[in-house]
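Novice: Throughout the sequence shown, residue numbering follows the numbering used here, covering 158 to 314 in sequence. Ideal placement from N, C-alpha and C gives every residue a C-beta, glycine not left out.
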Amino acid sequence: PSRSPSPRSRPNVDRAVSSAIYFLLPAGEIARLHRIPCAEAWHYYMGEPLTVFEVHDDGQVKMTVVGPDLRKGQRPQYTVPPNVWFGAFLTHDIESFTDDGSVFVETPGRDPDLHYSFVGVTCAPAYQFEDDEMATRDGMKALAPNAEAFINYLVPA
């Protein structure tokens, strides 16, 4: 039978198998649009739901709400595939939006001491800071021109 090599037999491994952090996102703040070469799983713990916004290589936009209310289509866990551009924001920070990301209306005046999302993020293989590639507005608008409103929101000038 074939077996996976023992970790001791792979002397050039440069990172751990996975990494995990807690992440607190207060109202009015965002997780900027970026990409990493590993799968990133978001786990909801408490507070408000958050929306993970993705832009794929073909320009397709996908929004997934990570939160506790399964009846509303929220997911307690969601994994962003490797090398996909993504960012996140509190779902209730946006009053309304179109599915393609072309238009949205921000919810005014939300107190960050009262409105937040507390999540966990697990990366496999492990996250390394030098892997993080931050998006540029021009690059993202060329990739997904219909999502300009969200791109401007998730890629601050």
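Touch check for the stretch 221 to 229 and the stretch 294 to 312: three-plus C-beta pairs under 8 Å?
Specialist: no
Novice: I need the straight-line Cα distance from M203 to Y179, nearest angstrom please.
Specialist: Position 46 of the sequence shown, counted from the first residue, corresponds to residue 203. Position 22 of the sequence shown, counted from the first residue, corresponds to residue 179. Computed Cα separation, rounded: 11 Å.
Novice: Taking DSSP as the reference, what is the three-state secondary structure of H200?
Specialist: Stepping through the sequence shown from its first residue, residue 200 is reached at position 43. Of the three classes helix, strand and coil, the one that applies to H200 here is strand, per DSSP.
Novice: Return the CA-CA distance between E211 and V174, expressed in angstroms with no decimal places.
Specialist: Taking the first residue of the sequence shown as position 1, residue 211 is located at position 54. Taking the first residue of the sequence shown as position 1, residue 174 is located at position 17. Cα to Cα, E211 sits roughly 24 Å from V174.
Novice: The beta strand (DSSP E) with A299 in it runs from where to where?
Specialist: As a position in the sequence shown, residue 299 is number 142, starting the count at 1. First-last for A299: R294 to L300, but that is the alpha helix (DSSP H), not the beta strand (DSSP E).
Novice: Assuming contact is defined by CB atoms lying nearer than 9 Å, are I187 and L311 in contact in what I supplied?
Specialist: Your numbering for residue 187 matches position 30 in the sequence shown. Your numbering for residue 311 matches position 154 in the sequence shown. The answer is yes: Cβ separation under 9 Å.
Novice: Please list, in chain order, all residues of the same chain as P269 whose beta carbon is under 8 Å from its beta carbon, the five residues on each side excluded.
Specialist: The count along the sequence shown starts at 1 and reaches residue 269 at position 112. P183, A184, G185 and E186, listed in sequence order.
Novice: For A306, report the span of its alpha helix (DSSP H) as first-last.
Specialist: Translated into the one-based positions of the sequence shown, residue 306 becomes position 149. Residues E305 to L311.
Novice: Just tell me which of V237, M291 and S274 has its CA closest to the CA of C280.
Specialist: Walking along the sequence shown from the start, residue 280 turns up at place 123. When each option's Cα is compared against that of C280, the closest is V237.
Novice: Going by beta carbon distance, what residues of the same chain come within less than 8 Å of P225, once the five residues before and after it are set aside?
Specialist: Along the sequence shown, one-based indexing puts residue 225 at 68. Excluding positions up to five away in sequence, the list reads Y201, P206, Q231 and P233.
Novice: Tell me the rounded alpha-carbon separation between A196 and Y284.
Specialist: The sequence position of residue 196 within the sequence shown is 39, counting from 1. The sequence position of residue 284 within the sequence shown is 127, counting from 1. Cα to Cα, A196 sits roughly 9 Å from Y284.
Novice: Use the C-beta contact count for V276: other C-beta atoms within 10 angstroms, 16 or more gives buried, fewer gives exposed.
Specialist: Your numbering for residue 276 matches position 119 in the sequence shown. So V276 counts as buried.
Novice: Give the straight-line distance between the Cα atoms of R172 and P282, rounded to the nearest whole angstrom.
Specialist: On the sequence shown, position 15 is the one that residue 172 refers to. On the sequence shown, position 125 is the one that residue 282 refers to. About 7 Å.
Novice: Shortest alpha-carbon distance to L271 belongs to which of L247, L300, K229 and W242?
Specialist: On the sequence shown, residue 271 is found 114 positions in, with the first residue counted as 1. The shortest Cα separation from L271 among L247, L300, K229 and W242 belongs to L247.
Novice: Counting only the same chain and skipping the five closest in sequence on each side, list residues whose C-beta sits under 8 Å from that of M297.
Specialist: Within the sequence shown, residue 297 is the residue found at index 140, counting from 1. L190, V212, W242, A304, I308 and V312.
Novice: How about G216 and L300: do their beta carbons lie closer than 9 Å?
Specialist: The residue you call residue 216 lines up with position 59 of the sequence shown. The residue you call residue 300 lines up with position 143 of the sequence shown. Pairing G216 with L300 gives a Cβ-Cβ distance under 9 Å.
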